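First up is the structure itself, then whatever we jot down about it.
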Amino acid sequence: MENLIDAFWGVTISIGVSALIFVGANRLFDFVVDRWFVFQAITGAIFGTIFSTLLIGNRLVRGSALLLLVLMVLSFSVLTAIPQLIEKHRTRIFAGLLSGTAVGVITASFLKESLNPQIQTKSFIFTLLISVLVYSLPSAIIKKFRFGGLLFFLAVGCLIGGWLLSEIGNGSKNSTYLLTVVPFALIGLALNVGPKRSLLERNHFQRRTRVGVFLGPALLFVALGLIIPLARTIYLSLHGLKGRKWAGLKNYGEILTNDSSIDLRDWSNIFTSRLFIIALILLAVGSVAGILLGKKRGQIIQASAASLTPSAIGVFLLIFAVLSTLRGTVINNLWWVIVVTSLSTGLGLLAAVLADRIRFESAAKSLIFLPMAISFVGAGIIWKFMYIARPPQKPQTGLLNAIWVGLGKLTPGSAGQFIGVALLLLATAGLVALSIFGIRRKQSGISIGSLFVSVPILWILYRLLGPGLGGVEEGARGLPIAKPILFVQEGPFNNVWLMVVLIWIQTGFAMVILSAAIKAVPGDLIEAARVDGANDRQVFFHVTLPTITPTISVIVTALIVLVMKVFDIVRVMTNGNFGTQVIANEMWQKTFTEFNLGLGSALATVLFLAVVPAMALNVRRMQRSAIQ
Amino acid sequence: MITDTQKSQVLQGTNPVDRVGKFVYRLLKAIPVWALWLLVIVWTIPAGSLFVNSFRTRDAQRSTGWWTSFTEGGWTFDNYINVFSSRQSGGLWQALINSFAIATPATIIPVAIAAMAAYAFAWIPFKGREWLFITIVALMALPNQVALLPLLQLFAGGAHWTIPNTGMVITLFPDLDLAGTTTAVWLTHTAFAMPFAIFLLHNYISSLPKELFEAARIDGADHFTIFWRLVVPLSVPALAAFTIFQFLWTWNDYLVALTMVGGNGASYPATINIASMAGEFGMKEHVLSAGAFVQAGVPLLVFFFLQRYFVRGLLAGSVKS
Chain A
1 MENLIDAFWG VTISIGVSAL IFVGANRLFD FVVDRWFVFQ AITGAIFGTI
51 FSTLLIGNRL VRGSALLLLV LMVLSFSVLT AIPQLIEKHR TRIFAGLLSG
101 TAVGVITASF LKESLNPQIQ TKSFIFTLLI SVLVYSLPSA IIKKFRFGGL
151 LFFLAVGCLI GGWLLSEIGN GSKNSTYLLT VVPFALIGLA LNVGPKRSLL
201 ERNHFQRRTR VGVFLGPALL FVALGLIIPL ARTIYLSLHG LKGRKWAGLK
251 NYGEILTNDS SIDLRDWSNI FTSRLFIIAL ILLAVGSVAG ILLGKKRGQI
301 IQASAASLTP SAIGVFLLIF AVLSTLRGTV INNLWWVIVV TSLSTGLGLL
351 AAVLADRIRF ESAAKSLIFL PMAISFVGAG IIWKFMYIAR PPQKPQTGLL
401 NAIWVGLGKL TPGSAGQFIG VALLLLATAG LVALSIFGIR RKQSGISIGS
451 LFVSVPILWI LYRLLGPGLG GVEEGARGLP IAKPILFVQE GPFNNVWLMV
501 VLIWIQTGFA MVILSAAIKA VPGDLIEAAR VDGANDRQVF FHVTLPTITP
551 TISVIVTALI VLVMKVFDIV RVMTNGNFGT QVIANEMWQK TFTEFNLGLG
601 SALATVLFLA VVPAMALNVR RMQRSAIQ
Chain B
629 MITDTQKSQV LQGTNPVDRV GKFVYRLLKA IPVWALWLLV IVWTIPAGSL
679 FVNSFRTRDA QRSTGWWTSF TEGGWTFDNY INVFSSRQSG GLWQALINSF
729 AIATPATIIP VAIAAMAAYA FAWIPFKGRE WLFITIVALM ALPNQVALLP
779 LLQLFAGGAH WTIPNTGMVI TLFPDLDLAG TTTAVWLTHT AFAMPFAIFL
829 LHNYISSLPK ELFEAARIDG ADHFTIFWRL VVPLSVPALA AFTIFQFLWT
879 WNDYLVALTM VGGNGASYPA TINIASMAGE FGMKEHVLSA GAFVQAGVPL
929 LVFFFLQRYF VRGLLAGSVK S
């Protein structure tokens, strides 16, 4: 309860203060046009507060802090406001000089004795020269040279050369006075050497400050919370364990050469894996179909559903075969990105198309979309229960293993086996009928597609009738023993079972957005296609799909960025054990449990570099839509 | 030509051959619908099974699958009672309060700040507006991981700079000693939310009719008045969409909280709480199933009652209308 009250006060105060600052800043800048000197006075007071707080906060002053604060606020206000009330130019310059000197004297008298600087003449003069150059050169080039600006830069140079580049503590009080009075006097002069601001200038100024008021807080958070940390992470990634000693690219080298991140030793196993062979067969079938169809139409190769589908599945399985054989953190991440992105988008598209204009559409979509509301942690827990594997002697409490072991326990001749065989035969018969229908209609896509689907079904049928399907092995005395799948522990495919969790979540995301895109396809386009005699399939492939392609690319980019940094699911389900480590989890462990700041930051930077292409794509998309 | 009678004969299936053909045709035509509902069932089972499990006794959960309870019984509410007693769950009650303490400011503050920024980007012309906006949109894809360590260091010790050769240390950012507090978590969330919030709200605010602003300007309204009196009331749908999105996101967040709260158990939000219960899988599954549902309860409520806004937020964020 205490926490809640704390949080409540925290929120109330922070919102209140933010609102006050926002309204206050807006009101302050209202003064700019009509009451310039009031604005100047308040700005001066604010600067005085900041300046004295900095001095007090860094413990650089002696004597009463409160007195310093009050004096500073007053003298800064005087410095900025009083000259604004004077009409005569010379008097105004004099007033500025005087009040600047006053500020300097007050500051110097409050500074600690131990801070007295000993001026290094060479470096001091050098700094002054540099500050003059820094101002004069650019301003001369853009032809906006102002004497006041030069004085201001001189003052800054004076402060840097006098305080940062000299030996602190060895000097005398006189040099302290010199090094505070001169810069402030210069600033007082700088503010007043030019002509007074005209009404037009002040209007212009007000418009610019308004942007600052509206954008300021957001930019502050972006800079402090994203940009500066990003720069610091890159900086740390080039340093050692503690983030202090320069290490160059050593951390990156370690990521690239370490066996636990990229392990290519088993590459020769790729060619013997079953997935690889299936992939090759599919690719061969796809290209043969393409060539055969192409011959009929007089092209070398025909890209249609009949040739593209097997080829696409073939390529997917090929990638799968490669990534499941090569091991390591980086490879796992790549595997995650490819599998989750493609399957989530594909299933989402399927669900969106199937659900379009059916009865209870919104209910169906809600149920598929529901996992989006559940946290990654919660989803991990939910699937942990699905994946439970218990010892062979005990009944399986996880649904997937219960089904798997149950299938294996189907004895030949039992009712269960009979029903299974009957259902599979029925499905095969239906698919064969569909394929004949396709041949008669001269729609090669349908016939080849249905034959394809029937191959795995026939294989399952064979397993069911012959060697048996499911998780059972022969135990002692020929009795069957359950052999559950260790979904979470058994590599390398435990990675896939973890990916299923994210696919389960993200399919709903893809579906919702694609569904909206499909509904936004102009009705008259579809109407026109139908009038021309297109059937459902043709309308989908030639009208709907091309129209929603930009949306698909948006989803794919969003998913790549999201999957790249997958963390919660892996941490909750395996914590990177059993060969399921991914970059984000590795980064967290290295940084926050092993305190290897350099390597951890390098891993974070790798994640950042991996999404740079997606960033570039987003920017290009933005620019294109801005032009339109 | 087919006459109307022939047509109706075919449709009504008076002929037995036609009847079978019609049946098969209907069956084939319904395949997509069946496939969809199959997908829906597969998608519902995981969450559904945990939900059923959460009402089963500890012994039932450990010995049989959840589907047996429909025939054998063994229902109980004890898991939900246990999960709120601090001994079993490590204080889920406290964790839920922490989750609120994080998600509320992490939602309200970004909405307010981003709405102002979005208005400036949309309707106040200034130099460099284009590239500044593009930079912020590009940051949308920035992985949070790159900012975690520096932010934690900032919260834990401030930022200091040692001037070379002098040994003098200048404090650039004071040590606020925020590490381990919920404040650190929501401050981080606020920063991380900024790019997406600005992008989403800008999409909406920039599409408001131009005439509105011109009319207000002629009436002498300044930016402050226009923003407060015109833009905020008109953007309520977009603000609501982002609010819901951000609330769900921060409520469900695990990474930021884990990093910023660290070892301070008193500030754990519910996600960390259930994740650590899951770490002891095999001992406390019965509490875990209930705990997971308690944590998911708030987002599920939001989801069921405010789904439309949530979807709108997603759409506005990814598809430019």
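Residue numbers (our numbering), protein chains in the order written: chain A, 1 to 628; chain B, 629 to 949.
Beta carbons: idealized from backbone N, C-alpha and C, even for Gly.
Owing to the predicted nature of the structure, the values given are computational and were not obtained by experimental measurement.
For chain B, is any of its Cβ atoms less than 8 Å away from the one on residue i?
i, result
"residue 218 of chain A", "yes"
"residue 300 of chain A", "no"
"residue 605 of chain A", "yes"
"residue 341 of chain A", "no"
"residue 126 of chain A", "no"
"residue 494 of chain A", "no"
"residue 619 of chain A", "yes"
"residue 504 of chain A", "yes"
"residue 18 of chain A", "yes"
"residue 354 of chain A", "yes"
"residue 564 of chain A", "yes"
Need the endpoints of the alpha helix (DSSP H) that residue i sits in, please.
i, result
"residue 247 of chain A", "Element bounds for residue 247 of chain A: n/a, residue is neither H nor E."
"residue 340 of chain A", "329-355"
"residue 699 of chain B", "697-700"
"residue 768 of chain B", "Here residue 768 of chain B belongs to no alpha helix (DSSP H), and DSSP marks it neither H nor E."
"residue 207 of chain A", "199-222"
"residue 403 of chain A", "399-408"
"residue 703 of chain B", "It is not in any alpha helix (DSSP H) - residue 703 of chain B carries neither H nor E in the DSSP assignment."
"residue 502 of chain A", "494-519"
"residue 687 of chain A", "No information on residue 687 of chain A is available, as it lies outside the stretch 1 to 628 that chain A covers here."
"residue 665 of chain B", "659-681"
"residue 63 of chain A", "No alpha helix (DSSP H) holds residue 63 of chain A; DSSP gives it neither H nor E."
Would you give the residue range spanned by the beta strand (DSSP E) that residue i belongs to?
i, result
"residue 542 of chain A", "That residue, residue 542 of chain A, is in no beta strand (DSSP E); it is neither H nor E in DSSP."
"residue 480 of chain A", "480-482"
"residue 374 of chain A", "Counting along the chain, residue 374 of chain A falls outside any beta strand (DSSP E), and DSSP gives it neither H nor E."
"residue 801 of chain B", "797-801"
"residue 789 of chain B", "787-790"
"residue 474 of chain A", "472-474"
Taking 8 Å as the threshold (beta carbon to beta carbon), is residue i in contact with chain A?
i, result
"residue 750 of chain B", "no"
"residue 947 of chain B", "Confidence is the limiting factor: at residue 947 of chain B the pLDDT is only 49, short of 50, which leaves the residue's position unreliable, though a coordinate-based value still follows. Closer than 8 Å to some Cβ of chain A, the Cβ of residue 947 of chain B qualifies, so yes."
"residue 641 of chain B", "A caution first: residue 641 of chain B carries a pLDDT of 49, below 50, which makes its placement in the model unreliable, though a value can still be read off. Not one chain A Cβ lies under 8 Å of residue 641 of chain B."
"residue 888 of chain B", "no"
"residue 630 of chain B", "With a pLDDT of 49 at residue 630 of chain B, under the threshold of 50, the modelled position of this residue cannot be trusted; read the value that follows with caution. Residue 630 of chain B does not count as touching chain A."
"residue 915 of chain B", "no"
"residue 880 of chain B", "yes"
"residue 708 of chain B", "no"
Find the residues of chain D that neighbour residue i, judging by a C-beta separation of less than 8 Å, and give them in chain order.
i, result
"residue 396 of chain A", "Given the protein chain composition of this structure (A and B), no chain D is represented."
Say the cut is 7 Å; is the CB of residue i nearer than that to a heavy atom of the ligand SAH?
i, result
"residue 267 of chain A", "Absent from the structure shown: the ligand SAH. Ligands present: none."
Closer than 9 Å, Cβ to any Cβ of chain B: which residues of the stretch 46-63 of chain A, in chain order? 54, 57, 58
Residues of the stretch 567-587 of chain A with Cβ closer than 9 Å to any Cβ of chain B, in chain order: 567, 568, 571, 572, 573, 575, 583, 584, 587
Can you confirm whether the stretch 367-375 of chain A touches the stretch 659-677 of chain B when touching is taken to mean that 3 or more C-beta pairs between the two stretches lie within less than 8 Å? yes
Members of the stretch 754-768 of chain B that neighbour chain A once the beta carbon cut-off is set at 9 Å: 754, 755, 757, 758, 760, 761, 762, 763, 764, 765, 766, 767, 768
I'd like to know if the stretch 307-314 of chain A and the stretch 276-295 of chain A are in contact, where contact means that at least 3 CB-CB pairs between them fall below 8 Å. yes
Closer than 8 Å is the cut-off here; do at least three beta carbon pairs connect the stretch 347-364 of chain A with the stretch 569-579 of chain A? no
Contact residues within the stretch 366-385 of chain A, judged by C-beta distance below 9 Å to chain B: 366, 367, 368, 369, 370, 371, 372, 373, 374, 375, 376, 377, 378, 379, 380, 381, 382, 383, 384, 385
Taking a cut of 7 Å between CB atoms, which residues from the stretch 895-909 of chain B lie near chain A? 899, 902, 903, 906, 909
Under 8 Å: do the stretch 450-457 of chain A and the stretch 405-421 of chain A share three or more Cβ pairs, one atom per stretch? no
Curious, which full-length alpha helix (DSSP H) runs of at least 4 residues does the stretch 125-174 of chain A contain? 147-159
Any contact of the stretch 686-697 of chain B with the stretch 388-408 of chain A, i.e. 3+ C-beta pairs under 8 Å? yes
To be precise: take each residue of the stretch 656-687 of chain B, compare its Cβ to all Cβ atoms of chain A, and keep it if any distance is under 8 Å. Which residues remain? 656, 660, 661, 663, 664, 665, 667, 668, 671, 672, 673, 674, 675, 677, 678, 681
In chain order, which alpha helix (DSSP H) runs of at least 4 residues are fully inside the stretch 235-306 of chain A? 250-257, 274-297
Interface positions of the stretch 810-836 of chain B facing chain A (Cβ-Cβ less than 8 Å), listed along the chain: 810, 811, 815, 816, 818, 819, 820, 822, 823, 826
Pair every Cβ in the stretch 830-849 of chain B with every Cβ in the stretch 748-759 of chain B, then say whether three or more of these pairs are closer than 8 Å. yes
What alpha helix (DSSP H) runs, 4 residues minimum, are completely inside the stretch 424-453 of chain A? none
Counting only Cβ-Cβ distances shorter than 9 Å, please list the residues of the stretch 725-751 of chain B near chain A, keeping chain order. 725, 726, 728, 729, 730, 732, 733, 736, 737, 738, 740, 741, 742, 744, 745, 746, 747, 748, 749
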